[in-house]
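Okay, structure first, notes after.
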Ligand code: SF4
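In UniProt numbering, the protein residues as written are 19 to 697.
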């Protein structure tokens, strides 16, 4: 591809997309997988193999746009800084909002949080990771006192005799993941669809959408009733078992079968497999977590893992399969509404004092917590909401729930600034678009789904006309009277100091160590510390060192099926695309492999509404409708349809009902009716 003519040097770097962060070499001859990074160990998926095309994309923006017209950088930045100042003077500091992304490097996530709190002094910052792993993160913090997606190296999975995966389709979303499953072991998958991953599993629990919590209660009921609770472990390492035991007593298997649709015999088989395994791992992903009860659902699976004595034992445990490229690091460094760097809480006086010291500001000047992602987007342009937004690394017009409404809110802003490499659907609405560098054109660190901090090296010179997000932030900060670095290593060194002593402590991690050690696990408090692959071996991160079991109750989806909307809609990903598709939809081979959305439905439903595969169908919900070709398949429940979320459309229908703890919207289940598009 032409991009190779821009290569000054090749480099060992990492994929631009998902949380596996596969290692790859970008060289003048093209992309090859690295075999020194354990997560992929020589493997890549088709997204990784074709990532070089993104560097040469003809869709690439190379000049700033102001009201859709090309302008110079100084004109664009002067305009943005002047408008930010006038809007804040007229409406107050919180009239300007910042929105980040889980694909941004650690340096960018950190600098974005600092920019909001120091340069703008606004409380209104959050990011799209709120839509991703916030429920599992909240549940892990509640139970273990720490959220590190997988609190063990991914290679530990090969030692587990049994793995239960609830609501994840890793065989499509991150294919090299599956090589870590124990070939001689047992994989159990809970999913409403017979996914590519479910086809690998020895046991599939094909539950009704929105009933993962009930399934976990049922498995725990059986495990306790059949004597698999590890009482010695519970006495030594856990609090709260008795209350949870009492709360699941009413969830006898037949009742759970009625709620979930999973036959009792299959639940017993799963519980017995987990209960008798020498080593076992329980994993949750978005299918179980993206619900208005997502935190409680993840808690229910953690309770099951704790009752079986799994967390904190080598080769066993509970983990959340993080999805976005820097989904782990992106949630640690301060772009969340309630957070400061080092995974510190913004309402903790000691955390505020420490971070304010690093930033050279008065702790009293740091804003407090702001709105969560959906609440922030929903408030844009309203009388009490922000009038301006700076948006980095996100495409909410495609990816937010109730997306048409969110597009209207974005369009109602006085100023929308979008920093992106292509003209995404959200950039189409922007007052100002700033063209930025991408993955292999800049250096930075990312933290993969294991909590391993990795170095993404620069391999390619950026095209002329684009600037890095760090440069954009430094230029704007300068115009607002602050000095920010645009050098990734300098920003990382500051991040290390800001995170020191916090739960996600990066103080001992340097670019040199990451390169020499192929990644370093946090927490790593000093340069002599080896890093922490398994943080819970000796104690959990709670004040008393014991994990907390918390009783939780199943409840129906926020929007259940009824006579008008009798079918469940659930969403997810396909192999060829990543997230909102802003990048992968612009890559030829990926577009050919998966050119558009579809509606997967069971043959019984297709017959009932009189459609065949390829016929256009309309999916209608309470918040909107969308159309796509039908894909008729027995691999889905007759009461459910599935649509991929990489194209604008399906999120017009999804439900913004929020989890009370994590503020996660209920992406994974809402009620719809399905009809032939001609009707
Ligand atoms: Fe690996 Fe994920 Fe990139 Fe595929 S998309 S190559 S699984 S990091």
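Using N, Cα and C, we set each Cβ at its ideal position, and we do this for glycine too. These numbers come from a predicted model, not from an experiment.
Residue i - containing beta strand (DSSP E), residue span
i           : result
residue 249 : It is not in any beta strand (DSSP E) - residue 249 instead sits in the alpha helix (DSSP H) that spans 249-255.
residue 222 : 221-223
residue 151 : Taken as a continuous stretch (DSSP letters only), residue 151 belongs to no beta strand (DSSP E), as it is neither H nor E.
residue 590 : 585-590
residue 183 : 180-184
residue 620 : Element bounds for residue 620: n/a, residue is neither H nor E.
residue 335 : 335-338
residue 693 : 688-694
residue 372 : Careful: residue 372 lies outside any beta strand (DSSP E), inside the alpha helix (DSSP H) at 367-377.
residue 669 : It is not in any beta strand (DSSP E) - residue 669 carries neither H nor E in the DSSP assignment.
residue 699 : Residue 699 lies beyond the stretch modelled for the chain, which goes from 19 to 697, so this question has no answer here.
residue 3   : The structure shown has nothing for residue 3, since the chain only spans 19 to 697.
residue 45  : 41-45
residue 529 : Run containing residue 529: none in the beta strand (DSSP E); it sits in the alpha helix (DSSP H), 529-535.
residue 29  : 29-32
residue 523 : Run containing residue 523: none; DSSP gives neither H nor E here.
residue 143 : 143-145
Element boundaries [alpha helix (DSSP H), containing residue i]
i           : result
residue 290 : 282-294
residue 321 : 312-325
residue 437 : First-last for residue 437: 433-438, but that is the beta strand (DSSP E), not the alpha helix (DSSP H).
residue 609 : 606-611
residue 166 : Neither: residue 166 is in no alpha helix (DSSP H) and is coded neither H nor E.
residue 634 : Note, residue 634: premise wrong, no alpha helix (DSSP H); beta strand (DSSP E) at 634-639.
residue 307 : 304-307
residue 392 : 391-397
residue 96  : 91-109
residue 497 : 487-497
Cβ-Cβ separation, residue j to residue i (assumed contact under 8 Å), whole Å
i           : j           : result
residue 173 : residue 198 : 6 Å
residue 144 : residue 369 : Going by Cβ atoms, the distance from residue 144 to residue 369 rounds to 18 Å, so no, they are not a contact pair.
residue 307 : residue 151 : 7 Å
residue 555 : residue 125 : The Cβ separation is near 30 Å, so there is no contact.
residue 616 : residue 649 : 4 Å
residue 304 : residue 185 : 6 Å
residue 690 : residue 637 : 5 Å
residue 374 : residue 381 : 4 Å
residue 343 : residue 36  : 6 Å
residue 387 : residue 680 : That belief does not hold up - the Cβ atoms of residue 387 and residue 680 are roughly 14 Å apart, past 8 Å.
residue 225 : residue 279 : 6 Å
residue 541 : residue 522 : 7 Å
Among the options, the one whose alpha carbon lies nearest that of residue i
i           : options               : result
residue 433 : 446, 406 and 144      : 406
residue 656 : 675, 624 and 676      : 624
residue 182 : 36, 256 and 285       : 285
residue 220 : 195, 291 and 543      : 291
residue 148 : 341, 281, 517 and 664 : 341
residue 430 : 569, 444 and 133      : 444
residue 31  : 132, 449 and 474      : 474
residue 598 : 249, 421, 137 and 200 : 421
residue 372 : 138, 626, 249 and 519 : 519
residue 379 : 69, 647, 201 and 501  : 501
residue 18  : 652, 110, 139 and 74  : What the structure shows of the chain is the stretch from 19 to 697, and residue 18 is not part of that stretch, so it cannot be assessed.
residue 165 : 339, 507, 442 and 528 : 339
residue 337 : 171, 252, 116 and 383 : 171
residue 86  : 130, 105, 595 and 446 : 446
residue 442 : 34, 79, 66 and 61     : 79
residue 561 : 581, 45, 257 and 203  : 257
Can we say the stretch 322-336 touches the stretch 156-171, given the rule of at least three CB pairs closer than 8 Å? Contact between the stretch 322-336 and the stretch 156-171 is present, because at least three Cβ pairs lie under 8 Å.
Would you call the stretch 429-446 and the stretch 400-417 in contact, with 3 or more CB pairs under 8 Å? A contact is defined here as three or more CB-CB pairs under 8 Å, and the stretch 429-446 meets this definition with respect to the stretch 400-417.
Residues near ligand 1, CB to any non-hydrogen atom under 5 Å, in chain order? Answer in sequence order: 33, 35, 36, 38, 40, 62, 63, 65, 66 and 192.
Would you call the stretch 479-499 and the stretch 97-117 in contact, with 3 or more CB pairs under 8 Å? Cβ pair count under 8 Å is three or more, so yes.
Would the stretch 667-678 count as touching the stretch 641-656 if we require 3 or more Cβ pairs under 8 Å? Contact between the stretch 667-678 and the stretch 641-656 is present, because at least three Cβ pairs lie under 8 Å.
So does the stretch 542-554 actually touch the stretch 350-369, counting three or more Cβ pairs closer than 8 Å? Segments in contact, no.
For the stretch 113-126 and the stretch 342-356, state whether three or more C-beta atom pairs, one from each stretch, are separated by less than 8 Å. The answer is yes - the stretch 342-356 touches the stretch 113-126, with three or more Cβ pairs under 8 Å.
Evaluate the contact criterion for the stretch 520-538 versus the stretch 465-479: three or more CB pairs, one atom per stretch, below 8 Å. These segments touch.
Using a Cβ distance threshold of 8 Å, determine whether the stretch 574-581 contacts the stretch 185-195, with at least three qualifying pairs required. Not touching, per the Cβ criterion.
Evaluate contact between the stretch 472-492 and the stretch 442-459, counting only Cβ atoms and requiring at least three cross-stretch pairs below 8 Å. Because the criterion of three Cβ pairs below 8 Å is met, the stretch 472-492 and the stretch 442-459 touch.
Is it the case that the stretch 258-268 contacts the stretch 232-250, given that we only count it when at least three CB pairs across the two stretches are under 8 Å? At 8 Å Cβ cutoff, the stretches touch.
Check whether the stretch 605-613 touches the stretch 270-278, taking contact to mean three or more Cβ pairs, one atom from each stretch, closer than 8 Å. In short, these stretches do not touch, since the Cβ pair count stays below three.
Can at least three beta-carbon pairs, one atom from the stretch 313-323 and one from the stretch 227-241, be found at a separation below 8 Å? The stretch 313-323 makes contact with the stretch 227-241; the number of CB pairs closer than 8 Å reaches 3 or more.
Using a Cβ distance threshold of 8 Å, determine whether the stretch 384-402 contacts the stretch 51-60, with at least three qualifying pairs required. Counting C-beta pairs closer than 8 Å gives fewer than three between the stretch 384-402 and the stretch 51-60, which falls short of the contact rule.
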